[in-house]
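Here the protein sequences come in this chain order: A and B.
If you're matching positions, the first sequence starts at 239 in the numbering used here and goes up one per residue.
If you're matching positions, the second sequence starts at 94 in the numbering used here and goes up one per residue.
To keep things clear, I will list the structure first and then write my remarks on it.
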Amino acid sequence: MSDRRTISVTINGETYEREVETRLTLADFIRHEVLLTGTHVGCEHGVCGACTILLDGRTARSCLMLAVQANGHEITTVEGIAPSATELHPLQQAFQDNHGLQCGFCTPGMLTTLIEFLGDNPDPTEQEVREAISGNLCRCTGYQGIVAAALDAAKRLQGAA
Amino acid sequence: MKPPPFTYHDPRSIDDAVALLAEKDNAKLLAGGQSLMPMLNFRFVLPDDLIDLNLIDGLAGIREDGDALVFGGMTRQRDIEYSDLVAKRLPLMKEAILNVGHRQTRNRGTYGGSMSHLDPSAELPTVSMAQDAIVTVQKKGGKRDIAMADFPMGYMMPSFELDEMVTDIRVPLWPEGHGYAFIEFARRHGDFAITSSAVLLDVDSGGKIARASVTVGGVGAAPLRVTAVEAGLTGETGSAELFTEIAEKCREIDAMEDVYAPAWYRQHLAAVLTRRALGKAYSRAANGTEINLK
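Structure below.
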């Protein structure tokens, strides 16, 4: 027995139509069906934050959603953050400049989380940044660089605005 | 694939959802999914049918209705966090919601989902208990109200039937200028608290406590009103000595024990957090005075 549905999901501006099992998680849909492997899967029960994506502009853990629930919605993954193939988003550039990534596993979730956060709070304190990424685990424990990158990115984004 | 096989339903109305609930023997309702999805991924729950509530119109929203705020069951925790109405009229809930998970989970997690899951230290059920909320549940052919005092039946067990679902939570308001405080202790920010304390105080112009509500989360099998503390506060003028002495009654609560903390530690936290919350709430009350308690 397999319960299947045809869904249409827009990811990073491109619309994908697929027939999927209804129990397929959104994270697995993004990685295995659409083959965008930038979204990482860590704990698969909503603790590590690595699979965070933006659903209609709001962060969500893609392991805690079913692919069918994304039908008709717009998703942004880490692949959709940069403005072009040769240019980094100011937040990505700040990560590079501030050593905000070591092994890179948590990075997609950190970036998507911080993009939403900096939109809500363009001039955050260090404490607010730490709270914002409290749902994202970095096994390298590289939080210092990540926090510095977020604060630097806030300045860059304000300068650009 | 992590979740077990099930048949997925996405009803567009409450009537359709409760009709499915009545018809299916082993069904689960999917609200925000921040607890049920992990349980499905672990295969702790094995439903034959999954009824997704996310496409039902009119099940989310916050509205003022007389002396209460009414929340639709599918109101997201984020919408509570960013609601001006909640910040102004339910400051206890505003203070508590910032401790609920993380921004990613608050974007999805719902009030009704949290009430139905009923974790003993979940913030929204604790606030609901403190405010004497009324939960409206619906099944095929009828709806009924359940007072918060009668809502928990046991550990993670709300008192509504398997064919009923939470549609609204009505939260009565306290007068303008009341004192409030929500304090919790968790090992990491965003975790379920080991213990929390929620206090509401109505202080009259003479500094006397006209009405008190004291609730602890994470101590019993469900959030508990500490009536012994409430009784000792009513009619009294707030003071550091009174709050310190009365909060000690929390050590007499029959506390649960699990891998995270022994019973005595939860009782200790309940006393300390309640002492602090009483001081903070009294300080915040329009007719109160500053009392700082460690």
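Here a beta-carbon is modelled for each residue, glycine too, at the ideal position from N, C-alpha and C.
The model shown is predicted, which means the values in this text are computed figures rather than measured ones.
Contact list for residue i against chain B, beta-carbon separation under 8 angstroms
i               : result
A370 of chain A : R196
S246 of chain A : The premise fails here: S246 of chain A is roughly 15 angstroms from chain B at the closest Cβ pair, so nothing lies under 8 angstroms.
A355 of chain A : Contrary to the premise, residue 355 of chain A reads as Phe rather than Ala in this sequence. Residues of chain B passing the Cβ test: R196.
T351 of chain A : R196, Q197
T290 of chain A : Q197
G287 of chain A : H195, Q197
Bounding residues of the beta strand (DSSP E) (the contiguous stretch that carries residue i)
i               : result
A274 of chain B : 272-278
S214 of chain B : Segment: none, S214 of chain B is in no beta strand (DSSP E) and carries neither H nor E.
D158 of chain B : 155-158
F164 of chain B : 161-165
Q231 of chain B : 227-232
T290 of chain A : 290-293
V264 of chain B : 258-265
T288 of chain B : 288-296
P184 of chain B : Premise fails: P184 of chain B lies in the alpha helix (DSSP H), 184-190, not in any beta strand (DSSP E).
I144 of chain B : 142-145
G247 of chain B : 245-247
A120 of chain B : 120-123
V307 of chain B : 302-310
Unbroken alpha helix (DSSP H) run spanning residue i, endpoints
i               : result
P131 of chain B : 129-134
T253 of chain A : Run containing T253 of chain A: none in the alpha helix (DSSP H); it sits in the beta strand (DSSP E), 252-259.
H385 of chain A : His is not the amino acid found at residue 385 of chain A; the sequence shown has Val there. 381-398 is the extent of the alpha helix (DSSP H) around V385 of chain A.
D335 of chain A : 328-335
Y197 of chain B : Contrary to the premise, residue 197 of chain B reads as Gln rather than Tyr in this sequence. Where Q197 of chain B is concerned, the enclosing alpha helix (DSSP H) stretches over 196-201.
T367 of chain B : 356-377
P346 of chain A : 345-358
V316 of chain A : Here V316 of chain A belongs to no alpha helix (DSSP H), and DSSP marks it neither H nor E.
D108 of chain B : 107-116
I245 of chain A : Careful: I245 of chain A lies outside any alpha helix (DSSP H), inside the beta strand (DSSP E) at 242-249.
Distance CB(residue i)-CB(residue j) smaller than 7 angstroms
i               : j               : result
S290 of chain B : T367 of chain B : yes
G270 of chain B : A374 of chain B : no
A288 of chain A : G347 of chain A : yes
P308 of chain A : V247 of chain A : The question names Pro, yet the displayed sequence has Ala at residue 308 of chain A. Contact: yes.
I249 of chain A : I313 of chain A : yes
L302 of chain A : M130 of chain B : yes
T244 of chain A : E259 of chain A : no
F285 of chain B : A189 of chain B : no
D241 of chain A : Y101 of chain B : yes
V309 of chain B : L317 of chain B : yes
Q340 of chain A : C378 of chain A : yes
L294 of chain B : A279 of chain B : no
L162 of chain B : V259 of chain B : no
G373 of chain A : G338 of chain A : no
S300 of chain A : L264 of chain A : yes
D390 of chain A : A332 of chain A : yes
L266 of chain B : D160 of chain B : yes
A315 of chain B : P213 of chain B : yes
V322 of chain B : K342 of chain B : yes
G206 of chain B : A110 of chain B : no
L395 of chain A : T350 of chain A : no
Nearest residue (CA-CA) to residue i, options the options
i               : options                        : result
Y358 of chain B : B:K187, B:E345, B:A370         : B:E345
V116 of chain B : B:T260, B:K95, B:D142          : Correcting the residue identity first, residue 116 of chain B is Glu in this sequence and not Val. Checking every option, the nearest Cα to that of E116 of chain B belongs to B:D142.
D150 of chain B : B:S376, B:G372, B:K181, B:D103 : B:D103
Q127 of chain B : A:I268, A:T277, A:E282         : A:E282
P362 of chain A : A:L375, A:A387, A:N374, A:R261 : A:A387
I155 of chain B : B:N147, B:G165, B:L148, B:L146 : B:G165
L274 of chain A : A:A398, A:L304, A:G295, A:V316 : A:V316
M222 of chain B : B:T330, B:I262, B:G234, B:Q360 : B:I262
D297 of chain B : B:V319, B:L326, B:L162, B:E338 : B:L326
G235 of chain B : B:M208, B:A112, B:A340, B:L185 : B:A112
P96 of chain B  : A:L304, A:V272, A:L375         : A:L304
E255 of chain A : A:G280, A:L293, A:S300, A:G310 : A:G310
Q365 of chain A : A:E354, A:T350, A:V385         : A:V385
V306 of chain A : A:R261, A:T350, A:E369, A:A392 : A:R261
L386 of chain B : B:A363, B:S332, B:E350         : B:S332
A391 of chain B : B:R369, B:V319, B:T337         : There is no way to answer for residue 391 of chain B, as the model of chain B reaches only from 94 to 387.
R296 of chain A : B:A242, B:E350, B:R196         : B:R196
Interface partners of residue i on chain B, CB under 9 angstroms
i               : result
V306 of chain A : Y101, D103, D145
C301 of chain A : K95, M130, P131, N134
E255 of chain A : Result: empty, since nearest Cβ-Cβ is about 18 angstroms, beyond 9 angstroms.
S240 of chain A : P98
Partners in chain B for residue i, counting only beta-carbon separations shorter than 7 angstroms
i               : result
H283 of chain A : P131, N134, F135
L262 of chain A : M94
Short CB-CB distance (under 7 angstroms) between residue i and chain D
i               : result
H361 of chain B : Chain labels in this structure do not include chain D; the protein chains are A and B.
Interface residues of chain A facing residue i [CB-CB closer than 7 angstroms]
i               : result
N200 of chain B : R296, T297, A298
G126 of chain B : L302, M303
9 angstroms Cβ cut-off: residues of chain A touching residue i
i               : result
G283 of chain B : E369, S372, G373
| query | Do three or more CB pairs link the segment 249-260 of chain B to the segment 212-231 of chain B at distances below 8 angstroms? | reply | Segments in contact, yes.
| Touching by the beta-carbon criterion (3+ pairs, under 8 angstroms), the segment 291-308 of chain B and the segment 348-362 of chain B | These segments do not touch.
| message | Taking 8 angstroms as the cut-off, does the segment 165-174 of chain B touch the segment 200-209 of chain B (at least 3 CB pairs, one atom from each stretch)? | response | With the cut-off at 8 angstroms, the segment 200-209 of chain B and the segment 165-174 of chain B touch.
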